[in-house]
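If you read the protein sequences in the order shown, they are chains A and B. No gaps in the numbering here: position 64 of the first sequence is 56 in the working numbering, and each next residue is one more. No gaps in the numbering here: position 1 of the second sequence is 39 in the working numbering, and each next residue is one more.
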Amino acid sequence: MVDSPTVTKKFQKELNAGIASLVLLSVLEKSKEPMYGYQIAKLLEEYSGDASFMKQGALYPVLHSLENSNLLESKVEPSVSGPPRRYYEITSEGKETLVVWQGVWKQMKSFVDKAIKGA
Amino acid sequence: MIKSIEEYLELLKTELQGSDAATVQDALSDAEEHLRAALANSREKQPKMSEEEALNSIIEQYGSPAETATAYAEVERRTVPQLARENAQSESALARFFGVYTDARAWGALLYMLIAFVTGVFYFTWAVTGFSVSVSFSIFIFGLPLALLFFLSVRGLALLEGRLVEGLLGVRMPRRPLFTQPNLKWLDRLKELAMDRHTWFSLLYMLIQFVLGVVYFVLIVTVLSFSLSFMAIPVLQEWLGMGAIYNNGLRYYFPTWSYPLLVLGGFLLWTTFMNLARGVGQLHGRMAKALLVTD
């Protein structure tokens, strides 16, 4: 069989690199309240169903990098149980960027679909 | 099989060895936050499941220490602190020397050196007062909670200073506070803080910052006033009719031919200082990293 798991894994990882940012921004844009990491991970788990696209631990560095680019902002709040939680919220710059990214994603999707179908 | 959250964090720390100390601190805090929240959640939903089992199914989703470490390393490689841009090495020495005016790091360092005066005085006062009050009151029972509060404030200030250093000097510093055991009694917490090298290094930094802050401030003010004075001499002498040096009722004038040299001298002095400030800023950042970030 040609399907070698490492090749597929690598492909999945490369795909995720960009998509994770788009997904996280979208989730936080839809959310009415600031969310913390575990909450986001749970929500994404619901969306993905049985298929797991990326490890939850990989979400956090992406959140940091989005915050670093001023697309998200965060604040730490103490929690009733356990360590303080970092709550993330989308910024106005993030919202503007998301609109652009969604456009890019749409174009990309139709491009990839066409390439796969060969139409 | 990983038996506890602490074990996971230890393994993650080992996996992250060699990465930036600030990244390690962020990664550990994230993992701690996530795993604890997930574990509490699973305890509620499946109280019968053993802790170890629950933890391992959580880790299955979160990613093994190795996977998590790779994820951080990868994102870190793509994101660089705002000011830590690579300096173009292809430029000539002269271009680099005068290019300092367009280098955000040099202006950031200059601003940092000014702010260091204020923060330095504050840190010093805080450290000395807090320390002596905590020590002298520790003969009473209420001295100990006071000491705990003081140590916690030192941790907080260290994080704050780190943000300042990253923002102005472009040296990557932790973005999250260090994680601590949530269910520790306050006396154990105090012991943990007092035994931690990190606390004492932060205190040391607060003392050093005072000396450095004063030196930085004096340097900036002196060099700036000298540079501006040199450049102002032609204006003072020609348009305002004042002598450059005024001593005992005698006015001394610089000859007209020296005007261009004076202005050029003043400009070069300030440019040199800006270059110096950029270097000092980088050195200061390295020191802050060594003292304020745990390894």
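The beta carbon of each residue, even a glycine, is placed where N, CA and C say it ideally should be.
Residue i at chain A interface by Cβ criterion, 9 Å
i	result
A69/B	yes
P85/B	no
H72/B	yes
A326/B	no
R214/B	yes
A75/B	yes
D226/B	no
R116/B	yes
E89/B	no
A59/B	no
D64/B	yes
V203/B	no
E112/B	yes
R123/B	The predicted position of R123/B is uncertain, since its pLDDT is 46 and thus under 50; a value taken from the coordinates is nonetheless stated next. No, no contact with chain A.
N79/B	yes
F268/B	no
A126/B	With a pLDDT of 45 at A126/B, under the threshold of 50, the modelled position of that residue is not reliable, and the figure given next carries that caveat. Cβ-Cβ to chain A under 9 Å: no for A126/B.
Run of the beta strand (DSSP E) containing residue i, from where it starts to where it stops
i	result
K67/A	L64 to E69
Residue-chain proximity (residue i, chain B), Cβ-Cβ < 9 Å
i	result
E59/A	yes
M(-7)/A	At M(-7)/A, the pLDDT of 48 sits below 50, so the modelled position is not reliable and the matter cannot be decided from this model.
A107/A	no
V(-1)/A	no
I11/A	no
V96/A	no
W93/A	no
Bridge-paired residues (DSSP) for residue i
i	result
E81/A	E65/A
I283/B	Y290/B
M27/A	Y80/A
Segment limits, alpha helix (DSSP H) that includes residue i
i	result
R324/B	Y297 to L330
S130/B	From DSSP, S130/B is part of no alpha helix (DSSP H); its letter is neither H nor E.
N60/A	L51 to N60
S80/B	A59 to K83
Y150/B	A142 to F175
I96/B	E89 to Y100
S42/B	Here S42/B belongs to no alpha helix (DSSP H), and DSSP marks it neither H nor E.
I258/B	R235 to P272
I11/A	P(-3) to K22
V192/B	G181 to L207
beta-carbon residue i near the ligand GDP non-hydrogen atom, thresh 8 Å
i	result
L190/B	Although the ligand GDP was asked about, the structure shown includes no ligands whatsoever.
Residue of the options minimising C-alpha distance to residue i
i	options	result
P53/A	D226/B, V301/B and H72/B	H72/B
T108/B	E6/A, S102/A and P(-3)/A	E6/A
F248/B	N286/B, F160/B and I258/B	F160/B
L250/B	Y291/B, G323/B, W295/B and L300/B	G323/B
A12/A	M27/A, S23/A and M46/A	M46/A
V318/B	Y254/B, L330/B and T61/B	Y254/B
A144/B	M325/B, A326/B, A315/B and S170/B	A315/B
Y46/B	S57/B, A147/B, A326/B and R74/B	R74/B
M39/B	S67/B, E70/B, E91/B and L77/B	E91/B
L184/B	A232/B, R201/B and G56/B	A232/B
F311/B	F135/B, E199/B and Y110/B	F135/B
V261/B	Y284/B, G281/B and W308/B	W308/B
V301/B	L54/B, A270/B and A328/B	A270/B
Worksheet item: Along the segment 94 to 110 of chain B, what residues have a CB closer than 7 Å to any CB found in chain A?
Response: Among the residues of the segment 94 to 110 of chain B, those with a Cβ less than 7 Å away from any Cβ of chain A are Q99, Y100, G101, E105, T106, A109 and Y110, in the order of the chain.
Worksheet entry | Proximal residues, the segment 38 to 57 of chain A versus chain B, C-beta separation under 9 Å | Answer set for the segment 38 to 57 of chain A: S44, M46, K47, Q48, G49, A50, L51, Y52, P53, V54, L55, H56 and S57.
Fill in: Residues of the segment 68 to 85 of chain A with Cβ closer than 9 Å to any Cβ of chain B, in chain order
Cβ contacts with chain B: V68, S71, S73, G74, P75, P76, R77 and R78.
Discussion item. By the 9 Å beta-carbon criterion, what residues does the segment 19 to 37 of chain A contribute toward chain B?
Written reply: If the cut-off is 9 Å between Cβ atoms, the segment 19 to 37 of chain A has Y28, G29, Y30, Q31, A33, K34 and E37 near chain B.
Practice prompt. Mind checking the segment 275 to 302 of chain B against chain A and listing, in chain order, the residues whose C-beta falls within less than 8 Å of any C-beta there?
Written response: Taking 8 Å as the Cβ-Cβ cut-off, the segment 275 to 302 of chain B has no residue approaching chain A.
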